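Chemist:
Numbering (the numbering used here), first residue to last: 209 to 468.
1. Quick check: the Cα distance between residue 308 and residue 228, rounded to an integer number of angstroms?
2. Can you list, in chain order, the residues of its chain whose CB lies under 8 Å from that of residue 235, leaving out five sequence neighbours each side?
3. Alpha carbon to alpha carbon, what distance is there between residue 324 and residue 470?
4. So, is the C-beta of residue 217 closer than 9 Å to a C-beta in chain B?
5. Is it the case that the Cβ atoms of residue 224 and residue 331 are separated by a distance below 9 Å?
6. Would DSSP call residue 273 helix, strand or coil?
7. For residue 275, collect the residues of the same chain with a Cβ closer than 6 Å to its Cβ; drop the 5 residues on either side in sequence, then sort them by chain order.
8. Looking at residue 241 and residue 340, is the spacing between their C-beta atoms short of 9 Å?
9. Three-state secondary structure (DSSP) at residue 341?
10. Compare the beta carbon distance of residue 361 and residue 345 with 9 Å and say whether it is the shorter of the two.
11. Does the Cβ of residue 215 have 16 or more other Cβ atoms within 10 Å, making it buried, or fewer, making it exposed?
12. Within the continuous beta strand (DSSP E) that includes residue 318, where are the two ends?
13. Which two residues bound the contiguous beta strand (DSSP E) that contains residue 212?
14. Hey, how far is the Cα of residue 231 from the Cα of residue 312?
15. For a test of the three-state rule: what should DSSP assign to residue 330, helix, strand or coil?
16. To which residues of the same chain is residue 220 closer than 7 Å at the C-beta, ignoring the five residues directly before and after it?
17. Can you give the Cα-Cα distance for residue 247 and residue 347, rounded to whole angstroms?
18. From the DSSP output, in three-state form, read off residue 256 for me.
19. Distance, Cα to Cα, residue 393 vs residue 314?
20. Residue 306: which of 337, 226, 333, 342 sits nearest, CA to CA?
21. According to DSSP, is residue 323 helix, strand or coil?
22. Looking only at DSSP bridge pairs, what is residue 232 linked to?
23. Taking residue 338 as the reference, give the member of 218, 239, 213 with the closest Cα.
24. Can residue 261 and residue 267 be called in contact, C-beta distance under 9 Å?
25. Could you compute how far the alpha carbon of residue 321 sits from the alpha carbon of residue 243?
26. Residue 432: buried (16+ other C-beta within 10 angstroms of its C-beta) or exposed?
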């Protein structure tokens, strides 16, 4: 049987009603009607458990917990009429107990504990509208095939047949190319760039320039070299002069003495 969650609210429709109509309650009467789909409180159904396993009470948000879907018959009047009735807290009014089972074709069948599993909740066209009623299961009518859509979830998600309880599932956002799917929630990851260490140029020079200390050292070496060169030149010049003096011809002229 379909898995129904007592934590969810549902809209109820059938192929006969189409997606534009839902089963609904009325505010001031106990009548069950069909309304155009608009997700009003009268169309939002929820379920509470009963003492009988597999059976639920049907409520609408409009009627609340104190009223449940029921069938007449306790007073001998119109036993197959569908209506809302005060919730029986004593557990004696089993006409408020409903079972949702699988048709085997993707739709659900709804039976009542009081009338048995061979009598089903049905809807028929009448007087330009629709009427909810009970009919025999062997008729296999379109109005007996129901689907449940979770309120607040995309309409394509429904609880029918043997499907599991419908719940909203986060959708992955897949971008184009080879990027992986991100979760939409995913908070975006902040990427902070870290500057790379940079070289500090030597003071006073461009790329490949020499520092002041290097330039001073080269200048000093140049001066010292020049001084040594000059000194060497002077030494060799003086030595050459001295050698030239030794090679002068001797003066053989008689020297004149000083007269006394």
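All residues carry an ideal CB built from backbone N, CA and C; glycine is no exception.
Because the structure is a prediction, the values reported are computed rather than measured.
Modeler: Short version:
1. Mapped onto the chain shown, residue 308 falls at position 100. Mapped onto the chain shown, residue 228 falls at position 20. Roughly 22 Å separates the two Cα atoms.
2. Along the chain shown, read from residue 1 onward, the residue named residue 235 stands at position 27. Within the same chain, Cβ atoms closer than 8 Å to the Cβ of residue 235 are found at 250, 270, the five residues on either side in sequence being excluded.
3. The structure shown does not extend to residue 470, since the chain is modelled only from 209 to 468, so the question has no answer here.
4. The structure shown contains no chain B; it holds only a single protein chain.
5. Taking the chain shown and counting its residues from 1, the one referred to as residue 224 is at position 16. Taking the chain shown and counting its residues from 1, the one referred to as residue 331 is at position 123. In this structure, residue 331 lies closer than 9 Å to residue 224 by Cβ.
6. For the purposes of this step, residue 273 is identified with residue 65 of the chain shown, where counting begins at 1. Annotated three-state conformation of residue 273 is coil, per DSSP.
7. Numbered from its first residue, the chain shown carries residue 275 at position 67. Result list for residue 275: 292, in chain order.
8. If you number the chain shown from 1, residue 340 lands on position 132. If you number the chain shown from 1, residue 241 lands on position 33. Cβ atoms of residue 340 and residue 241: closer than 9 Å.
9. For the purposes of this step, residue 341 is taken as the residue at position 133 of the chain shown. Three-state DSSP puts residue 341 in a strand.
10. Stepping through the chain shown from its first residue, residue 361 is reached at position 153. Stepping through the chain shown from its first residue, residue 345 is reached at position 137. Against a cut-off of 9 Å, the Cβ pair of residue 345 and residue 361 comes out as no contact.
11. Working through the chain shown from its first residue, we reach residue 215 at position 7. That one is exposed.
12. Residue numbering aside, residue 318 sits at position 110 when the chain shown is read from its first letter. Its beta strand (DSSP E) spans residues 316-320.
13. Counting from 1 along the chain shown, the entry for residue 212 is found at position 4. No beta strand (DSSP E) contains residue 212, which DSSP labels as neither H nor E.
14. For the purposes of this step, residue 231 is identified with residue 23 of the chain shown, where counting begins at 1. For the purposes of this step, residue 312 is identified with residue 104 of the chain shown, where counting begins at 1. The straight-line gap from Cα to Cα measures roughly 22 Å.
15. As a first step, residue 330 is located in the chain shown; it is residue number 122 there, counting from the start. Three-state result, residue 330: strand.
16. One-based indexing of the chain shown puts residue 220 at position 12. Contacts found: 230, 231, 253, 354, 356.
17. Mapped onto the chain shown, residue 247 falls at position 39. Mapped onto the chain shown, residue 347 falls at position 139. Looking at the two C-alpha atoms, the distance is approximately 31 Å.
18. By 1-based counting over the chain shown, the position of residue 256 is 48. Here residue 256 sits in strand by DSSP.
19. The sequence position of residue 393 within the chain shown is 185, counting from 1. The sequence position of residue 314 within the chain shown is 106, counting from 1. Confidence at residue 393 is low in this model, with a pLDDT of 28, below 50, so its placement is unreliable and the value that follows should be read with caution. Cα-Cα distance, rounded: 33 Å.
20. Translated into the one-based positions of the chain shown, residue 306 becomes position 98. Answer by Cα proximity: 342.
21. Position 115 of the chain shown, counting from 1, holds the residue named residue 323. In the three-state DSSP reduction, residue 323 falls in the coil class, being neither helix nor strand.
22. As a first step, residue 232 is located in the chain shown; it is residue number 24 there, counting from the start. For residue 232, which the question treats as bridged, DSSP gives the partners 241.
23. Along the chain shown, one-based indexing puts residue 338 at 130. That would be 239, whose Cα lies nearest to the Cα of residue 338.
24. Along the chain shown, read from residue 1 onward, the residue named residue 261 stands at position 53. Along the chain shown, read from residue 1 onward, the residue named residue 267 stands at position 59. Cβ distance not < 9 Å, so residue 261 and residue 267 don't count as in contact.
25. Against the chain shown, residue 321 aligns to sequence position 113. Against the chain shown, residue 243 aligns to sequence position 35. Approximately 26 Å, taken between the alpha carbons.
26. One-based indexing of the chain shown puts residue 432 at position 224. Exposed is the call here.
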